[in-house]
Every structure is written in structure tokens, then in C-alpha cells.
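The structure appears below as C-alpha cells.
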Amino acid sequence: MVKAVVGANWGDEGKGKITDMLAKQADIIIRFQGGANAGHTIVNDYGKFALHTLPSGVFYNHTTSIIGNGVALNIPILFQEIKSITDRNVPRPKILVSDRAQIVMPYHILFDQYEEERLGGKSFGSTKSGIAPFYSDKYAKIGFQVSELFDEELLKEKVERVCEVKNCILENLYHKPLLDKEELLQTLFSYRDMIAPYVCDVSAYLDRAIKENKTILLEGQLGTLKDPDHGIYPMVTSSSTLAAYGAIGAGIPPYEIKQIITVCKAYSSAVGAGAFVSEIFGEEADELRRRGGDGGEYGATTGRPRRMGWFDCVASKYGCRLQGTTDVAFTVLDVLGYLDAIPVCTGYEIDGEVTKEFPVTHRLNKAKPVLEVLPGWKCDIRGIKTFEELPENCQKYIEFVEKEIGYPITMISNGPGRNDIIYRESPLKVK
């Protein structure tokens, strides 16, 4: 059975914990898109970890972790990450890398930095990890695929061709040092030597696994609102964040994805620029940020303070719909225990009219939140194992959100550890 774990909103929803938890019963976990520009924070028996490229199932001995063809593969970062977990006594995970994955090159990171610098105040809030230049090159057909590392003549010809294009831009647009062809070729050879033991025909491997009834988890990065087609364009990422893309980014038939677990936070947070209707500021935001997550709301990759806001029913309903949600995992609910009253965004006011439908970006930028305030529960809910044991106001908060978004909340995370989870039989059925 294939399950997907994806985000409903801007990313940072807690997908890493949910994947880590579900990986206990999984055979294979596969990252299907994105790169090392965002991370997943995991808290388990080994400690606290921030993963960037590795799938969030690497802490189990029985799993195989796969980097799919849809991923922006930064080879040195992948190897640093493997070392960072094995140095902390985590057994070396079994890792496979798709021979069709493409490689983030050192110049992609430079171009990302140069472009943000050039745009100045009009920049896209990039993490400067090379992701947009990487995907641009992939679709311009001048990217380097893992399989190409093993054809020396092809590499030499391609390096020549790529440097010609890149150096023209470096010289005339950015006024920066040019790429050295020989140096670039040597970098590619070093990448080949590093990645060679892990390379695999992943789609064939997954085809066999599906026929053997293995449990496969597809792990997405970021969330619906960062999707380049359906998100807050242009303040989006450069690969599709939707579960539907999991089939493409992993190399499996779309009909094999049987369960789509969409992760929502009990409040909102975002890293990077773009529309964020329920955003809060000042001391109110600072307190939620300090209390949030495990050790505060800061990007797992960048360390940047996350932007904070109240739960947004409009964005979350839209996010769940686009993902094709079968189950909602509702995370960090325990964080809200300090509040007397909890605002929830239930609609957007745009040009004097209230809507519950998520709009396109130019209308989204005019939106003001319509808030409904619910009573808080004013206590610590960590350690509670059943829905019925939660305080009444906490139960009502979950039920209110579920009714507004229209998708069943079947998992509730009430702490950072992999066992801090409440399973719930939802009265809602997805049509």
C-alpha cells in the first residue's frame, strides 16, 4: 500500500514527525520532490534531528530510504546529513538514489544568491539553496542527471555547453567570476564516486515492492500553498508539493496512492515571503513562536524565525482539497494550552465581501481575516492518549476546525515525540 504524507499550508506543518511515526509500519520511505531548502524536525529515542534531504524514516532499521527522481539532489549535503546522524549513534540507514534524479550544482547556489541580490527589495525570499536555478535548468534540459555521471564523454560535452550559457549570464548580468570547465568536470567526477554505491532504478524497485505488497510512504516537502501551480505564486517553491506529484517524483502509477495524510498545524506558521492572511505580529507572535514546535518556531534548514498566525480554515480547506486528503494529521495542538481564547480565521474579506474560497494571489493580497474566537483550555495536554481525555474546549476546537475544513482529523499530535499522538475515529467521511 502506498501512502502520502503532505502539507496543507506553507510547509513547516510537522510532516517529519508524522512520517517518522508512520515509518514504524512502513518498508520504504521516499522523498519525491524539493531539495535541501527546507527541513523536517524529528524527535525520537536518539535525540532531536533536522533532516533536509533524507526521508524521515531513516531512524528505523527495517526501512529503505529513497531519494526519488523528483528531488533536487545536493550530493555533498546528502552525505553530510548521513554523517550527522551516524555520528550520533544512529545505525547507517539503507539508502537508494534514483538514477533519474538530477543534481544541484555549486553554480545553482551561486545563481540563487546573485539573483536575490540583484532583485533586492523585490526578491522572492529564497533560502538561497539553488532550488529555483536547479529546476529552471532541469526544464531547460541543461541539468545533470545522476545516470549521466557514468558517461565521461557525455559529461565533457555537456560541461562545455553549460559553461558557455552560464558564463554569458555571469559576465553580462551578474558581473561575477566565470565558471571553470575543468573544475566543474572534477566536481562531477567526485559526485559520481560519492553516489555510485546508492544508485538504483527506483521506479523498477518500487514496482517490485508494490507487487510484493510492501508499505510505501511518500514524503512531501513544504505544502499546498507553496505549489508552483496552485500556491501563492510567485512566492512559491519550484517543484509540485502535491500528493499527485508523488506518483511522478517517485515513478509509480497514480492509482497506487491509497491514503493521503495531509498535515495541518493547530495554528499557522510560514518561512519566506508571500501572502499570509491570518498572520500576527509583535509580542503576540513572539510568544507563540517561542512556545511553538519543540524549542520554538525557526526554520529547520535556515534557522529563520517563522512568521506566525492563527489557524486558517480557508487556506487549510483549500490545501486539503488540492492534496486529495483522506486523513488530516493535526499537529502541535499542545502549544495552544497557554491561551485564554484562540482566534481562528474562518473567512477572508476582499473588497468588502466575505469568502470562504481561497483566491488567486492578486486577490489574496487584499484579503483581511474574518476571525472567530474560541475558548482556550488553559492546561497542558501532553501525555493524553485518547480524544475523550482531552479537555472539553480542546475537543471543541478540533471539532470546530474539522467542520470548517470538511476533512476528517484522525491523528492529533500533542507533543514533539513520536509517541505523542492521539488516534481518533472521525465522524466525517471524505466524499
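Count along the sequence shown from 1, then add 100; that gives the number in this note's numbering. Cβ atoms here follow ideal geometry from the backbone N, Cα and C, with glycine treated the same way. Note that the structure is a prediction, hence the values are computed from the model and not measured.
By how many angstroms is the C-alpha of residue j removed from the C-alpha of residue i?
| i | j | result |
| --- | --- | --- |
| R524 | E215 | 47 Å |
| Q202 | S236 | 12 Å |
| K194 | I182 | 10 Å |
| I380 | L325 | 18 Å |
| P405 | I175 | 27 Å |
| E489 | G157 | 30 Å |
| S369 | E252 | 46 Å |
| I481 | G107 | 24 Å |
| P304 | H462 | Note that residue 304 is Ala in the sequence shown here, rather than Pro. In a straight line, the C-alpha of A304 is about 43 Å away from that of H462. |
| A232 | D212 | 7 Å |
| I219 | K503 | The sequence shown places Leu at residue 219, rather than the Ile named in the question. Rounded to whole angstroms, L219 to K503 spans 42 Å at the Cα level. |
| V302 | E319 | 15 Å |
| Y291 | S247 | 12 Å |
| Q286 | L342 | 36 Å |
| V371 | I348 | 26 Å |
| Y497 | P191 | 40 Å |
| V197 | P297 | 9 Å |
| I357 | V460 | 28 Å |
| A126 | G403 | 30 Å |
| G116 | Q180 | 19 Å |
| P475 | Q423 | 30 Å |
| H208 | L439 | 44 Å |
| D145 | E383 | 34 Å |
| A373 | N189 | 37 Å |
| A309 | A240 | 33 Å |
| A385 | L273 | 39 Å |
| R131 | R407 | 26 Å |
| K468 | G409 | 13 Å |
| E457 | K258 | 47 Å |
| A441 | T141 | 28 Å |
| K314 | K103 | 11 Å |
| F234 | G243 | 7 Å |
| I129 | D451 | 45 Å |
| L284 | L255 | 10 Å |
| N465 | N109 | 16 Å |
Tell me the DSSP bridge mates of residue i?
| i | result |
| --- | --- |
| V143 | K148, G517 |
| V171 | G134 |
| K468 | E449 |
| E319 | V105, R131 |
| Y398 | P405 |
| L196 | I166 |
| C364 | F430 |
| C300 | S198 |
| E379 | G409 |
| M511 | A429, Y523 |
| Q245 | Q202 |
| T486 | Answer by DSSP bridge pairing: none, since T486 is not bridged. |
Identify which residue in the options has its Cα closest to the Cα of residue i.
| i | options | result |
| --- | --- | --- |
| M511 | E504, I348, N493, I484 | I484 |
| V143 | N267, D440, F159 | F159 |
| S165 | L154, K466, T425 | L154 |
| L436 | Y291, D301, N514 | N514 |
| N137 | N161, I128, I130, G111 | G111 |
| K228 | T337, G168, K456, M121 | T337 |
| V432 | G396, A304, K417 | G396 |
| Q245 | Y274, S340, V299 | V299 |
| P277 | C263, L288, T287 | C263 |
| L249 | E312, I295, A343 | I295 |
| M121 | P508, L464, Y507, A429 | A429 |
| G147 | I185, G230, Y345 | I185 |
| T426 | G374, I360, V414, A467 | I360 |
| E387 | A373, Y367, G403, E283 | Y367 |
| K124 | S526, N519, L528 | N519 |
| D280 | P206, N272, G331 | P206 |
| H330 | I316, Y345, L317 | Y345 |
| A172 | W410, I269, Q133 | Q133 |
| G517 | V102, G139, V105, G114 | G114 |
| V473 | S339, I118, T446 | T446 |
| V105 | E449, G419, S378 | G419 |
| A375 | Q495, P353, P334 | P334 |
| G323 | R421, I269, F289 | R421 |
| T119 | M101, L528, V363, P354 | V363 |
| D327 | L317, S340, Q321, Y398 | S340 |
Which residue comes first and which comes last in the alpha helix (DSSP H) that contains residue i?
| i | result |
| --- | --- |
| I348 | 343-350 |
| D120 | 115-122 |
| L285 | 281-295 |
| A415 | 413-423 |
| H208 | 206-219 |
| K266 | 252-269 |
| C494 | 492-505 |
| I231 | 231-239 |
Following the continuous beta strand (DSSP E) through residue i, name the residue where it begins and the one where it ends.
| i | result |
| --- | --- |
| M408 | 407-409 |
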